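One structure below.
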Amino acid sequence: MNLLLKGGRVIDPSQNLDETGDLLIEKGKIVKKGTDLMPTFTAKDLEVINLAGRVVVPGLIDIHTHLREPGFEYKETIATGSEAALAGGFTTLACMPNTNPVNDNRSVTEFIRGQAAACGLVHIYPIAAITLKSAGDALTEFWDLKEAGAVGLSDDGKPVMNAALMRRALEYAASLDLPVIAHCEDRNLSAGGVMHEGFVSTEVGLAGIPSLAEDVMVSRDLLLAEYTGAPLHIAHVSTAGAVRLIREAKARGVPVTAETAPHYFTLTDEAVRSYDTNAKVYPPLRSAVDAAAIRNGLKDGTLDAIACDHAPHGRTDKEVEFDYAASGLSGLETSLALSLALVHEGFLTLPELIDKMTLQPARILRLPQGTLTAGADADITVIDLDRTWEVDRTLFRSRGRNTPFHGQTLRGKAVLTIVGGAIRYRDF
Ligand SMILES: [Zn+2]
Numbered sequence: 213m214n215l216l217l218k219g220g221r222v223i224d225p226s227q228n229l230d231e232t233g234d235l236l237i238e239k240g241k242i243v244k245k246g247t248d249l250m251p252t253f254t255a256k257d258l259e260v261i262n263l264a265g266r267v268v269v270p271g272l273i274d275i276h277t278h279l280r281e282p283g284f285e286y287k288e289t290i291a292t293g294s295e296a297a298l299a300g301g302f303t304t305l306a307c308m309p310n311t312n313p314v315n316d317n318r319s320v321t322e323f324i325r326g327q328a329a330a331c332g333l334v335h336i337y338p339i340a341a342i343t344l345k346s347a348g349d350a351l352t353e354f355w356d357l358k359e360a361g362a363v364g365l366s367d368d369g370k371p372v373m374n375a376a377l378m379r380r381a382l383e384y385a386a387s388l389d390l391p392v393i394a395h396c397e398d399r400n401l402s403a404g405g406v407m408h409e410g411f412v413s414t415e416v417g418l419a420g421i422p423s424l425a426e427d428v429m430v431s432r433d434l435l436l437a438e439y440t441g442a443p444l445h446i447a448h449v450s451t452a453g454a455v456r457l458i459r460e461a462k463a464r465g466v467p468v469t470a471e472t473a474p475h476y477f478t479l480t481d482e483a484v485r486s487y488d489t490n491a492k493v494y495p496p497l498r499s500a501v502d503a504a505a506i507r508n509g510l511k512d513g514t515l516d517a518i519a520c521d522h523a524p525h526g527r528t529d530k531e532v533e534f535d536y537a538a539s540g541l542s543g544l545e546t547s548l549a550l551s552l553a554l555v556h557e558g559f560l561t562l563p564e565l566i567d568k569m570t571l572q573p574a575r576i577l578r579l580p581q582g583t584l585t586a587g588a589d590a591d592i593t594v595i596d597l598d599r600t601w602e603v604d605r606t607l608f609r610s611r612g613r614n615t616p617f618h619g620q621t622l623r624g625k626a627v628l629t630i631v632g633g634a635i636r637y638r639d640f
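Under this note's numbering, read the sequence shown as residues 213 to 640, first letter to last.
See below:
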């Protein structure tokens, strides 16, 4: 439990820190940072790890993960999702409520927390549903859910179509300081679609989902947040229009935060041309114009965080015709490397990227993680920026092998993942 991490480049956006040095960890806590630190422990109580040339950051946080338990354990379990998280450099997850049963009451929230505690690999925070069964008809018991340990509310996968109900949800949640995470989609505009509506959908003959379906709902939810003054977090932003709307709303002082996922700045609807169901995600992969807008939104801070939207599925969900395939990709094990591409390209600085994967996610859900300050739990990820590796889905720790990146060579990897001072993953 006592570690001395020597000579790495330590980046901690919570302290505006980016310098080479050592980090001393005692009894699971970060004790201090410095240069040429000498431990107070004898050698047998202490492991010294030389990290010269590597990057030491707060453990990555994913605020948009589908762990599938309870109900869909063939897709993922809390244990397999935790293993995938560790391999991807994540030490904290917040999991979406679209399990079976839906996490719309305290017994499900408590079950998830119990399973997470029994597994004990990473920190897992449940996000509970806004409406019963996420059906969009009646609000859940927000106070009860918060007391049971829910850190946010979302009907992710489905929008709350009723604007009056969404208004009440925002007002009620704000009074409890529980963030509402909006899945922005106008179901009437998206109905029947399976991919982005555009040139490619016309060519390949698949029904389209217009970017308008997202933009209209982002617009509505921003207006609701502005009117109520209640904080709103927008999940998986995929369109140029949504980025523009959020940027304008932030400039007006609307209390909104937003996330995107790596596939929205890495891929476009061209990936669907081959009818690869692994490229079927929700919202769909958009145009090159949208992907460029997402990047710019990350750069200027319109998009606060990068989340995985880790959505593991089984073979039977994906090895079917495109129209019938489940949406989503298994993202925990590729998210960091895909995001590091923005740094390798010189588009974001490394501290800017780490901020969007540690401090900002923690702030959005008011979590204590995401910092390397003295006294904090020693949740730490060590990154080898230049390690190249081939994505091999057969080696995924996640049960979800559904990735459109199989066979691709990526650059950058988590090589050491530490949770509460314990080494949970090591790859060097
Ligand atoms: Zn999702």
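Where a beta carbon is used, it is the ideal one built from N, C-alpha and C, also for glycine.
Since the structure is predicted, the reported quantities are computational estimates derived from the model, not experimental observations.
In this structure, Ala454 has its beta carbon at no less than 8 Å from each heavy atom of ligand 1.
Closest by C-alpha distance to Val455, out of Val406, Leu497, Ser413 and Ile506, is Ile506.
For His276, the CB falls within less than 8 Å of some heavy atom of ligand 1. When rounded, the separation of the alpha-carbon atoms in Leu263 and Tyr637 is 15 Å. DSSP places Gly332 outside both helix and strand once states are collapsed to three, so it counts as coil. Under the three-state reduction of DSSP, Lys511 is assigned to helix. By a beta-carbon distance limit of 8 Å, Glu471 contacts Leu515. Their separation comes to about 7 Å. Taking the CA atoms as reference points, Pro467 sits about 22 Å from Ile273.
Per DSSP, reduced to three states, the secondary structure at Glu397 is coil, with no helix or strand assignment. His445: member of the beta strand (DSSP E) spanning Leu444 to Ile446, first to last residue. Fewer than three Cβ pairs drawn from the stretch 327-338 and the stretch 366-380 lie within less than 8 Å of each other, which leaves the two stretches out of contact.
Nearest C-alpha to Met429 among Gly441, Glu415, Gly465 and Ala447: Ala447. In the three-state reduction of the DSSP assignment, Thr621 falls in the strand class, which pools E and B. DSSP places Thr321 in the helix class (H, G or I) of the three-state scheme. Ligand 1 never approaches Gly293 closely enough for any of its heavy atoms to be under 8 Å from the residue's Cβ. A direct Cα-Cα distance of roughly 5 Å separates Asp589 from Gly632. Excluding residues up to 5 positions away in sequence, Glu438 lie with their Cβ nearer than 8 Å to the Cβ of Arg464 in the same chain.
By the beta-carbon neighbour count (other beta carbons within 10 angstroms, threshold 16), Phe640 is exposed. Assignment of Lys492 by DSSP, reduced to helix, strand and coil, places it in the coil class. Nearest to Lys462 by C-alpha distance, out of His475, Gly441 and Pro474, is Gly441. A straight line joining the alpha-carbon of Thr621 with that of Thr600 spans about 7 Å.
Using a Cβ-Cβ distance cut-off of 8 Å, the stretch 376-388 and the stretch 345-362 are in contact, since at least three pairs of beta carbons, one from each stretch, lie closer than that value.
A straight line joining the alpha-carbon of Thr606 with that of Arg613 spans about 7 Å.
Minimum Cα-Cα distance from Asn310 among the listed residues Glu602, Thr304, Phe302 and Thr321 corresponds to Thr321.
Following the DSSP letters along the chain, one finds Lys218 inside the beta strand (DSSP E) bounded by residues Asn214 to Asp224.
At least one heavy atom of ligand 1 is found less than 8 Å from the C-beta of Ala523.
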